[in-house]
Structure formats: structure tokens, C-alpha cells
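For this note's numbering, count along the sequence shown from 1 and bump the result up by 10.
The C-beta atom is built at its ideal place from N, Cα and C for all residues, glycine as well.
All of these numbers come straight from a predicted model, not from anything done at the bench.
Right, one structure below, let's go through it.
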Amino acid sequence: QSSHWETVFHRDAKMARDQGIESFGRRLISDGAALTRRFARAEGGSIAIIFAFSMLAVFGSVGSAVDFVRYSRMKTVYASAIDAAALAAGRTKQLGGTDADALAAANSYLQPVKTKFPLSGPITFAITSSGLVIESEAKLSVPTVFMSVFKVDKLDFTFKNRTEFAQGSDVEIALMLDVTGSMGGSK
Numbered sequence: 011q012s013s014h015w016e017t018v019f020h021r022d023a024k025m026a027r028d029q030g031i032e033s034f035g036r037r038l039i040s041d042g043a044a045l046t047r048r049f050a051r052a053e054g055g056s057i058a059i060i061f062a063f064s065m066l067a068v069f070g071s072v073g074s075a076v077d078f079v080r081y082s083r084m085k086t087v088y089a090s091a092i093d094a095a096a097l098a099a100g101r102t103k104q105l106g107g108t109d110a111d112a113l114a115a116a117n118s119y120l121q122p123v124k125t126k127f128p129l130s131g132p133i134t135f136a137i138t139s140s141g142l143v144i145e146s147e148a149k150l151s152v153p154t155v156f157m158s159v160f161k162v163d164k165l166d167f168t169f170k171n172r173t174e175f176a177q178g179s180d181v182e183i184a185l186m187l188d189v190t191g192s193m194g195g196s197k
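Here you go:
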């Protein structure tokens, strides 16, 4: 049993032999026009086109979510590292270090994070208020992978931190624990 297209091919080949090439050419053009009109009216394959456009939107959304999760993670990692670096600089100052020693401590504390997760943009530390405040600022950019398809090549964030500390070592910390079980509540 032959397919529809084999039947059309054999019919057209026979017509070309019987009627001559000019008649065959006119017939081919009129059949092509009829095929085009039929194709324009056909609705049977429209679901495939709708599916293709839907998949583009779904993959774009999933890719954007992946990029945003990476952006959020980098923001959290750098915020924690800058906080810790500022505290390291403050501790250096408390123990009698110079401003240069404190800035070196902050930068050396931050260096492993910058090496493991390299981002573009400056991170600055400054010592103000007679050496009792460490201010830090970061303006960083996280490159995107999937969102770059939509012309979003990077996601920017700014982080500012201010660490104040007391001069000297007369800081007392107290901790009280209730071990009587009176605050256990019902479980």
C-alpha cells in the first residue's frame, strides 16, 4: 500500500510525461498554491507550535531561577565574609594594631572568599572615628548564565557595613543558662 505522497509523485510524473513540461509546471504551481492555502487553514499541528513557545518560556523561567539562586548565594557569602573581615580588623585594632594592620587583617580574611568565588567589583575597608569604626563597602556583580540569553549579563548588589568597637580590653560578656527545665513548656 503506497502513501499519499507516493501517489502524488507517481501522478505528477505520469502527467509530466503525458502532457509535457509546460502543463506540468502550471499544474505544479496551482497544486503548490492549493497546498499553501490548505496549510494556512490547518489547525492540527498548532499544538506543537504552542508547546515550543511554552517551552521557551518555561526554560527561560527555570534558567532565571538558577541564576537568581546563584546571585542570592553569592550575596550571602560575601555579606558574611565582609562582616567577618570587618570584625577581624576591629579585633586587630583592639589588640593594639595599627590602622594598616587592621586593613591587612580584613583583606587577608576576605582573600579566600575572593579566590573561591571571584566576582567583579571593588570591596573597600576604611577606618574612621579616631580608629574606633571600620566601614566596608562592596559593589559586586554576579555574572549570569541563563539570563544572558535575554541580554541580562550580570546582577549587581551593593553591601555596606559599619563595625564599631570599644577601645581597650575591658569588655565583659555574661551568659546565663536556665537548666532547671522550668522553661521547657509542653512538647
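Under the 10 Å beta carbon count, V123 is surrounded by 16 or more other beta carbons and is classified as buried. Taking C-beta separations shorter than 8 Å and ignoring five residues to either side along the sequence, the partners of D109 in its chain run K103, I137, G141, following chain order. The closest CA to that of F175, considering only A96, A43, F169, is found on A96.
A contact is defined here as three or more CB-CB pairs under 8 Å, and the stretch 85-92 fails this definition with respect to the stretch 59-72. In its chain, beyond the 5 residues on either side, A94, A95, A98 have a beta carbon closer than 7 Å to the beta carbon of Y119. If you check the CB distance, L165 and V152 come in under 8 Å. Taking the CA atoms as reference points, G131 sits about 28 Å from G107.
Per DSSP, the continuous alpha helix (DSSP H) segment holding D109 begins and ends at 109-126. Counting of Cβ neighbours within 10 angstroms places L185 among the exposed residues, the total staying below 16. DSSP places V162 in the coil class of the three-state scheme, outside both helix and strand. Exclusion of the five residues before and after V143 leaves E174 as the residues of its chain whose Cβ lies within less than 6 Å of its Cβ. In the three-state reduction of the DSSP assignment, V68 falls in the helix class. Here S130 is bridged, per DSSP, to S151. Shown here for M157: same chain residues with a beta carbon closer than 6 Å to its own, the five before and five after excluded, namely S74, D77 in chain order.
Straight across, the Cα-Cα distance linking L105 with A114 is about 14 Å. In this structure, the CA atom of S139 is about 45 Å from the CA atom of T190. Annotated as distal: A89 and F160, with beta-carbon spacing of 8 Å or more.
Straight through space, the alpha carbons of S56 and A91 are spaced by roughly 53 Å. In the three-state reduction of the DSSP assignment, F175 falls in the coil class.
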